[in-house]
Every structure is written in structure tokens, then in C-alpha cells.
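Chains as they are written, first to last, in the numbering used here: chain A, 1 to 171; chain B, 1 to 171.
Glycine residues also receive a C-beta, built at the ideal position from the N, C-alpha and C atoms.
A quick write-up on the structure given underneath.
This is the structure we're talking about:
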């Protein structure tokens, strides 16, 4: 009897947690997709504020960071590891050759498509295991630094840059 | 026996999950506090980009939105409900009289201090109840729209505006 009570009252919340986090991530993806639909190529090539990153750089940056989640979450090989050097380790004006905007938009869509598929195939308990970049000792002390926490963190990071990208929308 | 297994494997994740969300919110608060320490009053009075909100307005906006969580989370009366009209319902140049920057900084600190106290006193299961602005019918269909989800959502919102506030830091 008590096993049943525990199952019905506690068990659903594990999947509910995951749904809460994944749906917030999807919401940020939808917001960025909405912005990409709205902004012209010319607008995306513009600085978000004087002397700050362009829309194109930020799209490359967000694509690279989301692509990095394949590794953090243990979901297989990254799709576009070459983006890291250009959009994460180097600033906008590094002189490194960048993919075209059309390519970046395609990469962005593909990363989200494949990530979504693989996240949906994860077992719920898998999300509460350590992510790939935390040492076992640290995880033992700080068990909240799990895979689901990576997704929360990356969602906030995406919100941060969407706050900058909206400055490309004319008032 | 099966009740024990369920308790040890599932029960801790409810508190862990709350810790994950609350610690991400605290991290965003720390980031904003770090920025406030770094920026002069003059810098905060400046537009984050040409024709966009100033740092002062965004601080008022974030304070008002966090203050609104007292209501959403059922944690008592708001501390500064008067901020809503100025910083949420009206744009920057509404002509409404604004509190001084010193007052806003004080309100910001106080809202976070009292929210933290009251969040810490919440029972874990309380976080999974509907927030104050969702109808019972909707919650029955979408149980992820609970109080903890409000905190995730507000944390992302704060990240969004921090992405804009960093533009006040000179390069």
C-alpha cells in the first residue's frame, strides 16, 4: 500500500521535472526561431549594439553551445564540433572563416532536432546522473550538478543572448 | 522492500530538483549583484543600446518582476507593488516618477532577501502546486505549470535582461 502511494505521488514528479526543464528549453528555441524568421539576413549581420557581437556570431555561438550538450549529456558525438573554435573560443573578429548564415541556420535547426530526439529517448533517471565534465568527488558533494542542471543552465544562457538579439528588431 | 527502494532512489530528487532551480536563480542574482557593484551610477543611467532601456529601468523592471513572485508563489503580500505600474506596465519614458537608483538597489536587495527566506521555508511539495495565475482546469491538463516552473521562467527572464545590462560594461 505504501509503495503504491509513493509511486503515485512521487513517481510522476521525476518526469514532471524533466518536462518542466525541457519545455522551458523548447520555449527559448521557439523564441529564437521566431526571431530568425523575423530578422532579415542584413539585420542578422548587424551588431546587436555598437561594438558588440552581430546576430550571425550569436547564432553560431548558441549553435556551438547547444551542440556541446551532446557531449555533456552523453548523447553521442557532436554534430558540428568545428563551431567551437570559431564561436566559443574566439571572438567575433578572429579572422577565422565562418560558415554562411544559411549554413548556420541549418546547423541550428539540425542540432535542436537531433538533441530533441535523443533527449526524448533518455531514461528519466539518466538526467540525474553527473554530466560529462564533473569529477566523481565533486558530484558526490554536489549532486545537483547533473545533466538536467546543464540543460537549465544552457537555457538561461540562451535567454541571455536572446535578450541581445532582440536589439536587432527595429523599434 | 520496494517502498524503500522507491524512497531512496526517488525521494531525494524532489529536494534536489528544487535545489537545482533555486541555485540557478541565486546564480543569476549573484551575476546581477556583481554587475551592480561594477557599474557606476552614471553607467546605470545610460541606455543599454541606442534607443533601448537604461540600466536603471531594467533594475526596476527586474525588481518588480521578482517582487511579483510573492503573489505567484503564495508567499504573502508584495513588498513594492507600486513598481509594476512604472517598470512593467509602462515603458521607460512614461513620465511617471521613478524611485532613485539608491532606492531601487535597496528594493532589489530586500526582495531577494525576503523571497529567499520564504522560499527556504516552503515545504517541497508546495513547489509542485499550481501558481496563483493558472486556472484549475488548465493545471489539471498541464501540471508542469506549477510554482517551481514560475521560478525557472523568471530566472530565464532575468538572464535575458542581464544579457542587455552587460552592454553597460565598457569594453
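In this structure, DSSP gives residue 91/B a state outside helix and strand, which the three-state scheme calls coil.
For residue 158/B, the uninterrupted alpha helix (DSSP H) run begins and ends at 147-165, by DSSP. For residue 76/A, no alpha helix (DSSP H) segment is defined, and its DSSP state is neither H nor E.
Between the stretch 86-94 of chain A and the stretch 127-145 of chain A there are fewer than three C-beta pairs closer than 8 Å, too few to call the two in contact. Annotation for residue 118/B: the continuous alpha helix (DSSP H) segment containing it runs 101-120. Residue-level contact check: residue 130/B does not touch chain A, since none of the beta carbons of chain A fall below 8 Å from its beta carbon. Looking at the backbone, the Cα of residue 87/B and that of residue 47/B are separated by about 15 Å. When secondary structure is reduced to three states using DSSP, residue 130/A falls in the strand class.
For residue 82/B, no Cβ of chain A is located within less than 8 Å of the residue's own Cβ. With three or more CB-CB distances shorter than 8 Å, the stretch 56-72 of chain B counts as touching the stretch 97-107 of chain B. At a cut-off of 8 Å between beta carbons, residue 159/A contacts chain B. DSSP, read as helix, strand or coil, puts residue 47/B in strand. Cβ neighbours of residue 119/A within its own chain (closer than 7 Å, five residues either side excluded): 22. For residue 33/B, the closest of 171/B, 159/B, 170/B by C-alpha to C-alpha distance is 159/B. In the DSSP annotation of this structure, residue 98/B is not part of any alpha helix (DSSP H), being labelled neither H nor E. For residue 51/B, the chain A residues whose Cβ falls inside 7 Å of its Cβ are 171, in order along the chain.
Distance from residue 124/B to residue 18/B at the Cβ level is roughly 6 Å; contact confirmed, criterion being Cβ atoms closer than 8 Å. Cβ proximity to chain B below 8 Å picks out 143, 144, 146, 148, 149 from the stretch 137-150 of chain A. In the structure shown, the three-state DSSP call for residue 14/A is helix. The beta carbon of residue 112/B lies closer than 6 Å to those of 29 in the same chain, with the five residues before and after it left out. Residue environment for residue 82/A: exposed (fewer than 16 other C-beta atoms within 10 angstroms of its C-beta).
Look at residue 54/B here: in three-state DSSP terms it is strand. Contact with chain B is absent for residue 70/A, since none of that chain's Cβ atoms lies less than 8 Å from the residue's Cβ. Within its own chain, no residue has a Cβ closer than 6 Å to the Cβ of residue 77/B once the five positions on either side in sequence are excluded.
Sequence-distant partners of residue 25/B (beyond 5 residues in either direction) whose C-beta falls short of 7 Å from its own C-beta, in its chain, are 151, 155. Each of 79/B, 80/B, 74/B was checked against the Cα of residue 121/B, and the nearest Cα belongs to 74/B. Boundaries of the alpha helix (DSSP H) harbouring residue 140/B: 136-141, taken from the DSSP string.
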